[in-house]
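Novice: Take a look at this one; I'll ask things after.
Residue numbers (this note's numbering), protein chains in the order written: chain F, 154 to 284; chain U, 154 to 284; chain C, 154 to 284.
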């Protein structure tokens, strides 16, 4: 199990971590199987999406903010209930197949740590399962 | 494969099952790998979120009900189309890394069976994959 | 790793692929473990939901289109930002437990390739992990 540190700088942010995950997989020496990326936080998530045009991430975060408004008649006193729901929408885990020692990502896919209640210092677990 | 029974008492409900999952993992004797929690239903789901303040779960279910309204111009005669969409939003599976025989959950994370069309008697599969 | 081809015919479409996945699992000879279905695209996804009444899929796609409108003040010039967000909502992976050589799906569950920016020729990876 490898632990990565991620530092967010905004309230909502998608931080690409593909190269860090790739390095962790290469260090493991595992050739085939699956890598699980797990976020041990409840107001963050991990997802896979386009990493070519930064406008995609901008649009996704803005549209997600419209789906789950930050301010509403929430009871939770910390005021971050929207971030909790966003976390469950995107999910605490993401999974990438491993093939011949490499991440089997599509051409336009990158792995993103998703911050929904930042800025904060966060962790991400890289759990490699050999086939 | 271990099967757990879950009984929901409301239409929408998040029922914490962390201790049941922990017990299943300990009984398996598996030290490292991953546990998959799988819901074999199409109007329920499983997610990981905060288990400290019960207001979080309350806010999440209420906000989710605003994102996907129960009543709309749905065709499906059973009238539970919203529950089906909620199920795909949260997902039929959740995954927790196993490290030294324990669930590698974060401090505030709990595992929740999510009922969206209750009350019902439900099942959950606990599928443990050794590394 | 098995690669399946999927051809979508509409902009938004849920295409059932349960029998193709079942065949791939049987060919592998793996009896117990987990199968990961992975979409190497950023405007598509994979999910598990009801396969009995086709109205369910119709209602899900229509309701999802209301949650994430196709037209908004998006910046991304390709005009498919909604499809990217839908992809992260449903997720690039789905996981099914394997038990005695069979998919451990519930009675009403089917596996769907989800197209959000079609029509296109797509691929799906079937990654089988023995327990």
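Backbone N, C-alpha and C fix where the C-beta goes; we use that ideal spot for every residue, glycine too. This one's a predicted model, so the numbers in the text were calculated from it and none came from an experiment.
Check distances from the C-beta atoms of the stretch 198-231 of chain U to those of chain D and list, in chain order, the residues that come in under 7 Å.
Specialist: Annotation note: the requested chain D is absent from the structure, which comprises protein chains F, U and C.
Novice: Between the stretch 159-168 of chain C and the stretch 262-275 of chain C, are three or more C-beta pairs nearer than 8 Å?
Specialist: In short, these stretches touch, since the Cβ pair count reaches three.
Novice: Using a cut-off of 8 Å between C-beta atoms, extract the partners of residue 187(F) located in chain C.
Specialist: Near residue 187(F) (Cβ distances below 8 Å), the residues of chain C are 189, 280, 282.
Novice: How would you list, in chain order, the residues of chain F whose beta-carbon sits under 7 Å from the beta-carbon of residue 245(C)?
Specialist: Within 7 Å Cβ-Cβ: 201.
Novice: Does the distance from the C-beta atom of residue 172(U) to that of residue 212(C) stay below 7 Å?
Specialist: Not in contact: residue 172(U) and residue 212(C) (Cβ atoms no closer than 7 Å).
Novice: Within its chain, find whatever has a CB closer than 6 Å to the CB of residue 274(C); leave out the 5 residues flanking it on each side and keep chain order.
Specialist: The answer, listed in chain order, is 160.
Novice: Considering only residues of the same chain and omitting the five flanking positions on each side of residue 247(U), which have a CB-CB separation below 8 Å?
Specialist: Closer than 8 Å at the Cβ level, and outside the excluded window around residue 247(U), lie 189, 190, 199, 200, 201, 264.
Novice: In the DSSP assignment, what are the bridge partners of residue 246(U)?
Specialist: 191(U), per the DSSP bridge assignment.
Novice: What does the alpha-carbon distance come out to for the pair residue 214(C) and residue 257(C)?
Specialist: If I take the Cα positions, the gap works out to 25 Å.
Novice: Closest to residue 237(C) by CA distance: which of 253(C), 255(C), 218(C) is it?
Specialist: Checked all of 253(C), 255(C), 218(C); the closest Cα to residue 237(C) is 218(C).
Novice: With a cut-off of 7 Å, does the C-beta of residue 254(F) fall near any C-beta of chain C?
Specialist: No, residue 254(F) lies away from the interface with chain C (no Cβ there is under 7 Å from its Cβ).
Novice: Measure the C-alpha to C-alpha separation of residue 195(C) and residue 180(U) and round it to an integer number of angstroms.
Specialist: When rounded, the distance between both Cα atoms is 39 Å.
Novice: May I ask you to list, following chain order, the residues of the stretch 158-171 of chain U that have a beta carbon less than 9 Å from some beta carbon of chain C?
Specialist: Taking 9 Å as the Cβ-Cβ cut-off against chain C, none of the residues of the stretch 158-171 of chain U qualify.
Novice: Below 9 Å on C-beta distance, what does residue 277(U) contact in chain F?
Specialist: Those do not exist, as residue 277(U) stays about 17 Å from chain F at its closest Cβ, beyond 9 Å.
Novice: Quick one: grab the DSSP three-state call for residue 284(F).
Specialist: In this structure, residue 284(F) counts as coil in the three-state DSSP scheme.
Novice: Give me the residue from 220(F), 282(F), 243(F) with the minimum Cα distance to residue 192(F).
Specialist: Here the closest residue by C-alpha is 243(F).
Novice: Check this for me: beta carbons of residue 280(U) and residue 154(U), under 7 Å apart or not?
Specialist: For residue 280(U) and residue 154(U), yes; Cβs fall inside 7 Å.
Novice: Which one or two residues does DSSP pair with residue 198(U) in a beta bridge?
Specialist: Paired residues: 267(U).
Novice: So residue 157(F) and residue 277(F) are in contact, right, with Cβ under 8 Å, and what is the actual spacing, rounded?
Specialist: About 5 Å; that satisfies the 8 Å criterion.
Novice: Expressed to the nearest angstrom, what Euclidean distance is found between the alpha-carbon atoms of residue 175(C) and residue 169(C)?
Specialist: Looking at the two C-alpha atoms, the distance is approximately 12 Å.
Novice: Output the distance between the C-alpha atoms of residue 204(U) and residue 255(U), rounded to the nearest integer angstrom.
Specialist: Roughly 18 Å separates the two Cα atoms.
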